[in-house]
Structures are given as C-alpha cells and as structure tokens.
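Under this note's numbering, the first residue of the sequence shown carries the number 25, and numbering increases by one thereafter.
As structure tokens, the structure follows; a few thoughts come after it.
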Amino acid sequence: MNLYEHTIIARQDASPSDIQQLTEKYSKIVEKNDGEIIKTENWGLLNLSYLIKKNKKGSYIHFKIKCDGQVISELEKNESIDKKLLRYLTVKVKKFDLKTNYFNKKEDSEKENK
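This is the structure in structure tokens:
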C-alpha cells in the first residue's frame with residue numbers, strides 16, 4: 025500500500041453541504057476500492073493564484089490516503105467528470121505529517137500554544 029496526499033479544489037460558489045457531499049463521495053470511492061482515508065482536512069475558501077474557469081477562489085479539501093495506485097486512478101477518473109471541481113492533485117509521499125495543520129487560523133494556533 026502506498027501513501028498519497030490528494031487535494032481537490034471545488035468551485036467558489038459551493039455551499040458547505042456541497043463540500044460535505046464531495047468529501048463523502050470521494051471518501052466512499054476510496055473505501056469501496058479497498059483504500060483507507062487516514063485524515064481529511066477542509067482548508068476552506070482560499071484565493072487562487074490565477075483564474076481557473078472564471079473563478080478567483082476555491083474551496084480546498086485535502087485527503088491523506090493509504091491505497092494502491094488503481095484507487096487513485098479511479099478517484100481521478102471520477103473527479104475529471106465532476107463539474108463542481110476546478111482542479112485535483114495527487115502526490116505520493118513516504119510518510120504523513122499528521123501533527124501540523126498548515127491552514128489553521130492564527131487565533132486557533134495561538135490558543136493551542138497557550
């Protein structure tokens with residue numbers, strides 16, 4: 025089993041319930057194909073570096089997945105068809121960094137440090 029970090033960017037007009045549905049949909053695809061979701065992070069609405077399909081912002085969802093390459097192929101095949109998504113990216117990693125939350129708000133991280 026390989027370790028992957030997979031990030032999808034949903035359209036900026038997606039509601040929180042749409043984001044939840046996308047998260048559940050792609051989690052089920054991974055689990056149905058004998059993969060395992062280690063961690064799911066909702067990074068929220070962030071600015072894009074450049075316009076993608078006339079969108080300035082996107083809702084980011086990040087998955088840490090333990091699975092075979094065939095599962096990623098199936099996942100990306102479904103994502104390429106989905107009209108709610110702007111982009112997706114999968115990176116194979118050697119180990120997960122489960123401690124650091126890079127997209128926490130500053131107030132949240134200051135509370136954790138105290």
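Using N, Cα and C, we set each Cβ at its ideal position, and we do this for glycine too.
Here the structure is a predicted model, which is why all the values come from computation and not from measurement.
Between the options, which lies nearest to residue i when the distance is taken from Cα to Cα?
i, options, result
"ASN26", "LEU110, LYS123, GLU98 and LYS119", "LYS119"
"VAL117", "GLY93, LYS107 and LYS108", "GLY93"
"SER39", "SER83, LYS90 and ILE89", "SER83"
"LYS88", "THR124, LYS107 and ASP42", "THR124"
"SER73", "TYR126, ILE33 and TYR28", "ILE33"
"GLU29", "ILE53, GLU65, LYS52 and ILE43", "GLU65"
"LYS49", "PHE127, VAL115 and LEU99", "LEU99"
"LYS101", "TRP67, VAL115 and ILE53", "ILE53"
"TYR126", "LEU70, SER51 and GLN45", "LEU70"
Below 8 Å on the Cβ atoms is my guess for residue i versus residue j; work out the distance and round it to an integer in Å.
i, j, result
"HIS86", "THR47", "In fact, because the Cβ distance is near 10 Å, the residues do not count as touching under 8 Å."
With 16 as the cutoff for other CB atoms within 10 Å, does residue i come out buried or exposed?
i, result
"ILE96", "buried"
"LEU110", "buried"
"SER41", "exposed"
"ILE105", "exposed"
Say whether chain D places a C-beta atom closer than 8 Å to the C-beta of residue i.
i, result
"MET25", "No chain D is part of this structure, which consists of one protein chain only."
So, using beta-carbon positions, are residue i and residue j closer together than 8 Å?
i, j, result
"GLU55", "LYS90", "no"
"LYS81", "GLN36", "yes"
"LYS63", "LEU122", "yes"
May I have a chain-ordered list of the alpha helix (DSSP H) segments no shorter than 4 residues that lie completely inside the stretch 39–73? 40–56
Curious, which full-length alpha helix (DSSP H) runs of at least 4 residues does the stretch 78–130 contain? 93–105
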